[in-house]
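**Student:**
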Amino acid sequence: IPTIDGFALDYDTIDRFGDLRFTQAASIEVSGEGSGNLHFQGGTIAVLEASAIISNVLEADAGGEVRVRGAESIDIIGNQTGEFPSAFFNQGELGSTGNVGNLSIEIERLQLDNGAFISNSIAGTGDGGDLTITANDVSLMDEPSRSSRYSAGLFAELLDTDERGSADRMAGTINLTVETLRVSDGSLIATGVFGPGNGGLIRIQAQDIKLIGDTSRNILPSSIIASTFADGNAGTIDIQADTLRAVEGSLISNSTFGQGNGGSITLQANEIDLIGINPINETPSSIVASTRSSGNGGTIDVQAGRLRVAEGGQIFTGTSGQGAGGSITIQANEIEWVGGGRSDDNPSGIFTATRAGADGNGGSIDLQVDTRLQIITGAQISASTEGTGNAGDIRLQANELEVK
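Position 391 of the sequence shown, counted from 1, bears residue number 443 in my numbering, the numbering being contiguous throughout.
1) What is the DSSP secondary structure of Arg-255, reduced to helix, strand or coil?
2) Ignoring anything shorter than 3 residues or poking outside the stretch 296-330, list the beta strand (DSSP E) runs there in chain order.
3) Can you give the Cα-Cα distance for Leu-162 and Ala-242, rounded to whole angstroms?
4) Give the secondary structure of Thr-440 by DSSP, where H, G and I count as helix, E and B as strand, and everything else as coil.
5) Is the beta carbon of Gly-350 less than 8 Å from the beta carbon of Gly-378?
6) Determine whether the beta carbon atoms of Thr-149 and Ala-112 lie at a separation below 8 Å.
7) What are the residues that DSSP puts in a beta bridge with Ala-168?
8) Can you tell me the Cβ-Cβ gap for Gly-328 and Ser-337, rounded? I've got them flagged as a contact below 8 Å.
9) If you compare alpha carbons, which of Phe-403, Val-99, Ser-342, Ala-104 is closest to Gln-311?
10) Among residues of its own chain, excluding the 5 on either side of Asn-322, which ones have a beta-carbon nearer than 6 Å to its beta-carbon?
11) Taking Cβ positions, are Phe-141 and Ser-191 nearer each other than 8 Å?
12) Among the residues of its own chain, which have a CB less than 6 Å from the CB of Ile-427, if the five just before and after it don't count?
13) For Pro-336, write down the residues that DSSP places opposite it in a beta bridge.
14) Find the nearest neighbour of Ala-104 within the set Asn-285, Thr-404, Leu-164, judged by alpha-carbon distance.
15) Using 8 Å for Cβ pairs, my map puts Ser-274 next to Ile-264. What's the rounded Cβ distance?
16) Check the C-beta distance from Asp-194 over to Asn-166 and give it rounded, since I have them as a contact under 8 Å.
17) Going by beta carbon distance, what residues of the same chain come within less than 6 Å of Ser-372, once the five residues before and after it are set aside?
18) Out of curiosity, what's the CA-to-CA distance linking Asp-283 and Asn-250?
19) Kindly indicate which three-state DSSP category Ser-236 falls into: helix, strand or coil?
20) Under the DSSP definition of a beta bridge, which residues are partnered with Met-222?
21) Based on DSSP bridge pairs, tell me the residues matched to Arg-447.
22) Quick check on Glu-452: does DSSP put it in helix, strand or coil?
23) Is Thr-371 helix, strand or coil by DSSP?
24) With DSSP as the reference, please indicate the residues paired to Gln-292 in a beta bridge.
25) Does DSSP classify Gln-76 as helix, strand or coil?
26) Could you check where the beta strand (DSSP E) with Leu-210 kicks off and where it finishes?
27) Which partner residues of Gly-244 appear in the DSSP bridge assignment?
28) Let me check one thing: in DSSP terms, what residues is Asp-189 bridge-paired to?
29) How is Arg-358 classed by DSSP in three states: helix, strand or coil?
30) Beta-carbon within less than 6 Å of Thr-318's beta-carbon, same chain only, minus the 5 sequence neighbours each way: which residues are those?
31) In whole angstroms, give me the CA-to-CA distance for Ser-434 and Pro-331.
32) Would you tell me roughly how many angstroms separate the C-alpha atoms of Ala-208 and Ser-400, rounded to the nearest one?
33) For a cutoff of 8 Å on Cβ pairs, would you count Gly-95 as touching chain B?
34) Enumerate in chain order the residues of its own chain whose CB-to-CB distance from Val-361 is below 6 Å, with the five nearest sequence positions on each side excluded.
35) Taking just the CA atoms, how far does Val-299 sit from Asp-266?
36) May I ask you to report which of helix, strand or coil DSSP gives Arg-344?
Set out below in C-alpha cells:
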C-alpha cells in the first residue's frame, strides 16, 4: 500500500502467518545515516544463537520505526556459550545526531532468556526512541542451566558521549502493557544515564507483576531500575497493577550516583507484597530511592489496597552525600509490617536515613491508613541520621494501630 513515506504491507487478506526463526548469528539490519523502517510479522518468532534485529542511526537523519507482530510468541534466547547474546538493537551510535526511532512489539507471549535483551539506547546527541510492548505474558529470565555474561532485559539508556550539544538529550520511554510480567534470575528493566542528558520513563500497566531476586550470576538482583551516574537527571518509574509481588531480594530502585537528581517511583496496586531477602547475599526485597552524591534523591509514592512488607522487606530512601534524601508517601487501606529478616541489619519496615558522613537532609515519611496498620515482630518505621544532615519527619494517620 503506498504511504507518505513509501510503502506499507497489507495483511488484511492473510488468515495465518508462517513462523520466523533466526539462528547461528543471523541478522536483519536497516542501519544507516537515518535507519529505515523495519516491519515483520509471523506466527511464532524465534531469535536464537546470537542472532539480532538491528536498526542503528549512524549520522544526522532520524531513525525509522521497528514494528514486530506475532500471532503467538516471540522468543529471544542468548548464546549457549555465554558470548554475545541474541538481541533487538534500536540505537543511536556514537557520533550520530539523529533521533532514534520507536520500537513496538505486539504479541501473546514474549520471552527473553540467557542474557538476551532489547535495547533502545543512544550514544549520539539525538533523543532515544520509545520501546512499547503489548502482550499477555512477558517473561525475563536466565535459566540456571545456562550461562551468560549479560543480564536479560529491556533497556533505554543514555550512554556516554563527548559530543557537544548532548546535554539536552532524552532517553526513550519503556512502555509495557501486559497481563502478567515476570522478572527473575537477575533480569532487568532499566533506564540509565551514563552521560549528558536526562533519563526516560518506565511505565508498566499489568494485572500481575512478580519480581524474583537472584544474584548467583549477576551483580544486580532482578530489578526495575532508573538511575543516573552523570549530570543528567534519572528517569521515573510508574507502575500500575492489580498485584505486585517482589521476593528474594528483588528491587525497584531510582538512584543517583552523580550530580543529577533522582526521579520518582509511583506504585498503584490493589495488593503489594515485599517479602524476604536474597538467600545468597541477604539483600532485602525493596523499593529504594537514594542519592550517593550531590544530586537530590527521588521520591517514593505508594497507593495500595493492601501493603505487606515482611521477612526483611523494606521501603527506603536515603542520602550518602550532599544531596537531600527523598520522601516516602504511602496511602493504603491496610498495611502489615512483619519482622523476620535473617539479621538485625535487615529488619522489615520503612526507612529514611542520612548515612554517616553525609551532609544532605533525610526525607520524610507520610503514612495514611484507612483501616489498620500492624507493626509486628521487630518491624520498624524509622527516620534517622548518622551524618551532619537532619533526619526527616514521620507523619502517621491510621484508624487502628497495632504494635506487638
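Backbone N, C-alpha and C define an ideal beta-carbon position, used for all residues, glycine too.
**Tutor:** Walking through what the data contain:
1) Numbered from its first residue, the sequence shown carries residue 255 at position 203. In this structure, Arg-255 counts as strand in the three-state DSSP scheme.
2) 303-308, 317-327
3) Within the sequence shown, numbered from 1, the residue matching residue 162 stands at position 110. Within the sequence shown, numbered from 1, the residue matching residue 242 stands at position 190. Taking the straight line joining both Cα atoms gives about 17 Å.
4) Here residue 440 corresponds to residue number 388 of the sequence shown, with the count starting at 1. Reduced to three states, the DSSP call for Thr-440 is coil.
5) As a position in the sequence shown, residue 350 is number 298, starting the count at 1. As a position in the sequence shown, residue 378 is number 326, starting the count at 1. Yes, the pair counts as a contact, with Cβ atoms nearer than the cut-off.
6) Your numbering for residue 149 matches position 97 in the sequence shown. Your numbering for residue 112 matches position 60 in the sequence shown. Going by C-beta atoms, Thr-149 is nearer than 8 Å to Ala-112.
7) Numbered from 1 along the sequence shown, position 116 holds the residue referred to as residue 168. Paired residues: none, contrary to the question.
8) One-based indexing of the sequence shown puts residue 328 at position 276. One-based indexing of the sequence shown puts residue 337 at position 285. Indeed they touch by this definition, with Cβ atoms about 6 Å apart.
9) Along the sequence shown, read from residue 1 onward, the residue named residue 311 stands at position 259. It is Ser-342.
10) For the purposes of this step, residue 322 is taken as the residue at position 270 of the sequence shown. Cβ neighbours of Asn-322 beyond the five flanking positions: Asp-294, Gly-357.
11) For this step, residue 141 is matched to residue 89 along the sequence shown. For this step, residue 191 is matched to residue 139 along the sequence shown. No, these two residues do not count as a Cβ contact at 8 Å.
12) Within the sequence shown, residue 427 is the residue found at index 375, counting from 1. Cβ neighbours of Ile-427 beyond the five flanking positions: Trp-389, Val-455.
13) Here residue 336 refers to the residue found at position 284 when the sequence shown is read from its first residue. Answer by DSSP bridge pairing, in chain order: Ile-329.
14) Start at 1 with the first residue of the sequence shown, and residue 104 comes out as number 52. Minimum Cα distance to Ala-104 is reached at Leu-164.
15) Position 222 of the sequence shown, counting from 1, holds the residue named residue 274. Position 212 of the sequence shown, counting from 1, holds the residue named residue 264. The pair is a contact, with the Cβ atoms about 6 Å apart (cut-off 8 Å).
16) Indexing the sequence shown from 1 puts residue 194 at position 142. Indexing the sequence shown from 1 puts residue 166 at position 114. Going by Cβ atoms, the distance from Asp-194 to Asn-166 rounds to 6 Å, so yes, they are a contact pair.
17) As a first step, residue 372 must be located in the sequence shown, where it is residue number 320. So the qualifying residues of the chain are Arg-344, Arg-407, Ala-410.
18) Reading the sequence shown from its first residue, position 231 is the one you call residue 283. Reading the sequence shown from its first residue, position 198 is the one you call residue 250. Cα to Cα, the separation comes out at about 8 Å.
19) Position 184 of the sequence shown, counting from 1, holds the residue named residue 236. Three-state DSSP puts Ser-236 in a strand.
20) Mapped onto the sequence shown, residue 222 falls at position 170. Paired residues: Asn-250.
21) Here residue 447 refers to the residue found at position 395 of the sequence shown. Asp-418, per the DSSP bridge assignment.
22) Start at 1 with the first residue of the sequence shown, and residue 452 comes out as number 400. Correct three-state label for Glu-452: strand.
23) Working through the sequence shown from its first residue, we reach residue 371 at position 319. Three-state result, Thr-371: strand.
24) Numbered from its first residue, the sequence shown carries residue 292 at position 240. Looking at the DSSP assignment, Gln-292 forms a beta bridge with Gln-257, Gln-320.
25) In the sequence shown, residue 76 corresponds to position 24, counting from 1. Note: Gln-76 maps to coil in three-state DSSP.
26) Start at 1 with the first residue of the sequence shown, and residue 210 comes out as number 158. 205-210 is the span of the beta strand (DSSP E), which, as asked, contains Leu-210.
27) Indexing the sequence shown from 1 puts residue 244 at position 192. According to DSSP, which records beta bridges pairwise, Gly-244 is partnered with Glu-209, Ser-279.
28) For this step, residue 189 is matched to residue 137 along the sequence shown. For Asp-189, which the question treats as bridged, DSSP gives the partners Arg-161, Thr-232.
29) In the sequence shown, counting from the first residue as 1, residue 358 sits at position 306. In this structure, Arg-358 counts as strand in the three-state DSSP scheme.
30) Here residue 318 refers to the residue found at position 266 of the sequence shown. Closer than 6 Å at Cβ, skipping near neighbours: Asp-290, Asp-353.
31) Translated into positions along the sequence shown, residue 434 becomes position 382. Translated into positions along the sequence shown, residue 331 becomes position 279. Each residue's alpha carbon lies about 25 Å from the other.
32) Residue numbering aside, residue 208 sits at position 156 when the sequence shown is read from its first letter. Residue numbering aside, residue 400 sits at position 348 when the sequence shown is read from its first letter. When rounded, the distance between both Cα atoms is 32 Å.
33) Structure shown: chain B not included; a single protein chain is present.
34) Here residue 361 refers to the residue found at position 309 of the sequence shown. Result list for Val-361: Leu-326, Trp-389, Ser-400, in chain order.
35) Numbered from 1 along the sequence shown, position 214 holds the residue referred to as residue 266. Numbered from 1 along the sequence shown, position 247 holds the residue referred to as residue 299. If you take the alpha carbons of Asp-266 and Val-299, they lie about 10 Å apart.
36) For the purposes of this step, residue 344 is taken as the residue at position 292 of the sequence shown. Here Arg-344 sits in coil by DSSP.
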